[in-house]
Amino acid sequence: MKAFLALFVLILTIVSTTFAGKCDPPNCKDPVNQGLKFPHVDPVKYYLCQYNELHERFCGAGFGFHALRRQCVHSSVWEDYCGKK
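Residue numbers (mature numbering (1 follows the signal peptide of the UniProt record, and there is no 0)): -20 to -1, 1 to 65.
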C-alpha cells in the first residue's frame, strides 16, 4: 500500500510539474495521461485524455479549471496557470 501511494504521489508530481504554466494539449497516446484532466488556454475549459483521444470539456457557469486540484472550482478560488487572467 505504501509503495502504491508513493508511486501515485510521484506520478502526480511529475504530471503537475509538466503542465505547470503550460496549457498545450497533452499527449493522450501516453498511458500515464489516461483519465486525467489538464488545463486549457481557456480557463473555463479543460482537456481530458480518454481512450487515447483528446477531449475538450467545459466547466459550469462561474467555474474555472484549477490545474493543481484537477477539477472545476468556483471562480473565487480559481488560479491562472496559463499566463492569462
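Just so it is clear, CB atoms sit at the ideal spot from N, CA and C, and this is done for glycine as well.
- Residue 5 places its beta carbon less than 7 angstroms from that of residue 27.
- If you draw a straight line from the Cα of residue 35 to the Cα of residue 2, it is about 17 angstroms long.
- The three-state secondary structure of residue 23, taken from DSSP, is coil.
- In the displayed model, residue 2 falls within coil according to three-state DSSP, outside both helix and strand.
- Excluding five sequence positions before and after residue 62, the CB atoms of its chain that fall closer than 7 angstroms to its own CB belong to 3, 19, 21, given in chain order.
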